[in-house]
Amino acid sequence: MEERLKEAPCGFISIDQSGCINEVNTRFLTWMGYQEEEMVGKHMETLLTKVNRMFFHTYFFPTIQLHNSVEEFYINLTNAAGESIPVLLNARRYVHEGVPVIDCLFIQMKQRIDYELELRSLQKTTEKAYLDREEAFAQLEKVYVEIARKQGEILEMNNELLKLSNTDKLTNISNRRFFQKELERHIDLYTEEGIVFSLLMVDIDHFKNVNDTYGHLAGDSVLVQLAGLLTQEIGLANRVARLGGEEFVIILPGTNAEESLQLAVKLNKAVENANWEIIHRLTVSIGASTFSESDTEVTILNCVDQALYRAKGNGRNCSIHYHEIR
Amino acid sequence: MKTIQQRNHVKIIGQGEQTILLAHGFGCDQSMWQYIAPALAEQYRVVLFDYVGAGDSDITAYHSEKYSSAHGYKQDILDIIDELELKDIHFVGHSVSSMIGMLAAIERPECFKKFVMIGPSPCYINEPGYTGGFEASDIADLLTMMEMNFTGWANYLAPVVTDPAKDPQLTKSLEQSFVSVNPQIAREFAEMTFMSDHRESLVSMTVPTLIIQCSDDSIVPIEVGEYLHAHLPASTLHIMQVKGHYPHMSNPTETKKLIEEFIAN
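Going down the list, the sequences are from chains Z and L. Sequential numbering of the first sequence, starting at 1, is according to the numbering used here. Sequential numbering of the second sequence, starting at 327, is according to the numbering used here.
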């Protein structure tokens, strides 16, 4: 081998058709850490790890056989110390004195490959980050949909709770709590816009007798029927509320003292004329009161209470407006 | 619409009454048969082809989903059989083509007469009780190696792998350069080859089969040849005293003789 080729700034080996090494230059021996006699006659494979060997056989061998030339083949050699040496391999196959020969030139590419590996890993990281982001986004969207659904459910449950908290369990009409709020609202309306309103307090006559004679179940069914009857007579939802026991209250917006009393008398008659299945006959006493400037939430209830008391005193099954006893 | 012959770059040589179908292996194309095909053509009609994605095939016919499994490539063989109306085929498959061809022969045994496998392996990865020759990590390293050879380092700057079907230019020209191989197809072919396991199909193979195994093959250890022989119902195992994975290229005369003898008997 020419001196210049021995020391050339690249590795050089010449292999035969089967892959055995015929010639090797000094540079290559230095890289690999072998003596010339250790390397000549050996198969090229011995310089390769299992994977590199496989790759060499799968790609290098058929290509050189078919095309007599391989360019820029990247592979890792393993030297005597077991270190990996990444190289670029160019090879040429030709027939020399009747025998096929393959000349191989190697250029080390340690730094290049380090950069390349770094780039590669950065690219993989970026790709992964990108995928992760897309996945996270899809997950977030799912969560959003779920939250919206839960919100809907919560709103519905809230409405249901609100309704429950404002409803009398037995009669299914408004309860005292709702009445209190409604009263406040109507006082505000009166104060701000001058809209007059009246209250009726309805109490069943001798309700204790009903319970004592027919039992509490019968008493309950009377309360339910009366609640329905009052609501039907008033004709507006949410106006009739059960305060508790056998006591009902009715808010009448836009109704003056005279009108409220008329309505109360009408209710007396309706109750009296209604068909009461178990107890056959039922009457109520009604106190009425109309809100005035001097009134408060407390006084109006006090007035309507006094009127009712008077109606009871007057023999029941009748209505008294607070005006009449003032 | 291209014909299957155009799609798979089918070439027919020789005038014999009997047909030999030569199927190339991993990382190659039909030119790998150049050392034995002309000799076989003296006596037989020899059909050569490139799988879709390889050689001069029509790359626009390549679909990752179809060709991610050996069954996609099997369909290439069945398509060629149908279009050429081939019968009583003597099939010769190299490497992964042995298994692809076997799947075709299991599906249509009536089309095949004799079957030759050169350096076949039903499974490349070691498992308890089975020697395939490689660990899963070796295969992952091989795929990395391929990727780095085929894409070239500048390509790492390109963020998205494009659909190979959209850039047929990639696979053309510069055959001696590894850069010419379409990286995505090469990778998918490698994954299909090295990650599949055909061991359960072996028992269904009824066509008489010759297994040609090299005594020192860096890709397929000798145990694999023995395993195949034990599990293929109608098989003969022949071990060639040569090194390597390509006896039809390194020892074409002997390989041709083995094939002809097996077909004749």
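C-beta atoms are modelled at their ideal positions from N, C-alpha and C, and glycine is treated no differently. All values reported here derive from a predicted model rather than from experimental measurement.
Of the residues assessed, L/G398 falls on the buried side of the cut-off, its CB having 16 or more other CB atoms within 10 angstroms. Of all alpha-carbon atoms in L/L366, L/Y450, L/H389 and L/G351, the one lying nearest the alpha-carbon of L/F375 is that of L/G351. For L/Y572, the chain Z residues whose Cβ falls inside 9 Å of its Cβ are H57, F61, P62 and Q65, in order along the chain.
Our two residues, Z/W31 and Z/M109, have alpha carbons roughly 13 Å apart in a direct line.
Scanning chain Z for C-beta atoms nearer than 9 Å to the C-beta of L/M575 yields F61, P62, Q65 and L66, reported in chain order. Z/L243 and Z/N275 have their C-alpha atoms roughly 24 Å apart. Take Z/R281, set aside five residues on each side of it, and the residues of its chain with a beta-carbon closer than 8 Å to its own are E272, in chain order.
For L/K413, not one C-beta of chain Z is nearer than 8 Å to its own C-beta. Think of a sphere of 8 Å around the beta carbon of L/I545: the chain Z residues whose beta carbon falls inside it are M54, H57 and T58, in chain order.
In the three-state reduction of the DSSP assignment, Z/N90 falls in the strand class.
Check the Cα spacing between Z/N268 and each of Z/D203, Z/I195, Z/V143 and Z/I107: the tightest is with Z/D203. Within chain Z, the residues placing a beta-carbon under 7 Å from that of L/C354 are P62, ordered along the chain.
Neighbours of Z/S18 in chain L, taken as residues at a C-beta separation under 9 Å, are given in chain order as V568, K569, G570 and S576. Looking at the DSSP output, Z/N76 sits in a beta bridge with Z/P86.
Between Z/L162 and Z/A288, the gap from beta carbon to beta carbon reaches 8 Å or more. Cα atoms of L/L554 and Z/A138: separation of roughly 47 Å, rounded to the nearest angstrom. Taking 8 Å as the CB threshold, L/M471 lines the interface with chain Z. According to DSSP, residue pairing for Z/E23 in a beta bridge involves Z/S14. Comparing C-alpha distances from Z/M39 to each of Z/T49, Z/L301 and Z/N22 shows the shortest one belongs to Z/N22. Put simply, the region 211-223 of chain Z does not touch the region 146-159 of chain Z. Fewer than three CB pairs are less than 8 Å apart.
Per DSSP, reduced to three states, the secondary structure at L/Y370 is coil, with no helix or strand assignment. Annotation: Cβ neighbours of L/D467 in chain Z (cutoff 8 Å, chain order): V51. Assignment of Z/F55 by DSSP, reduced to helix, strand and coil, places it in the helix class.
Annotated as distal: L/V373 and L/I426, with beta-carbon spacing of 8 Å or more.
An exposed status is given to Z/G215, since fewer than 16 other beta-carbon atoms sit within 10 Å of its beta-carbon.
Residue-level contact by beta carbon fails for Z/Y94 and chain L, as no gap is shorter than 8 Å.
Taking 8 Å as the CB threshold, Z/F106 stays off the interface with chain L. Residue state for L/K413 is assigned as coil, using DSSP reduced to three classes. Here the region 542-551 of chain L does not lie against the region 512-521 of chain L, with fewer than 3 beta-carbon pairs under 8 Å apart. Sorting Z/V224, Z/C318 and Z/I251 by C-alpha distance to the C-alpha of Z/G235 places Z/I251 at the top.
Put simply, the backbone Cα of L/T386 is about 44 Å away from that of Z/P9.
Of all alpha-carbon atoms in L/R513, L/N452 and L/M575, the one lying nearest the alpha-carbon of L/S394 is that of L/R513.
Counting along the chain, the unbroken beta strand (DSSP E) around L/D542 starts and ends at T535 to D542. Taking one beta carbon from each stretch, the region 77-93 of chain Z and the region 570-589 of chain L have fewer than 3 pairs nearer than 8 Å; the two do not touch.
Annotated as proximal: L/K440 and L/H416, with beta-carbon spacing under 8 Å.
The bridge partners DSSP lists for Z/M201 are Z/V249 and Z/G287.
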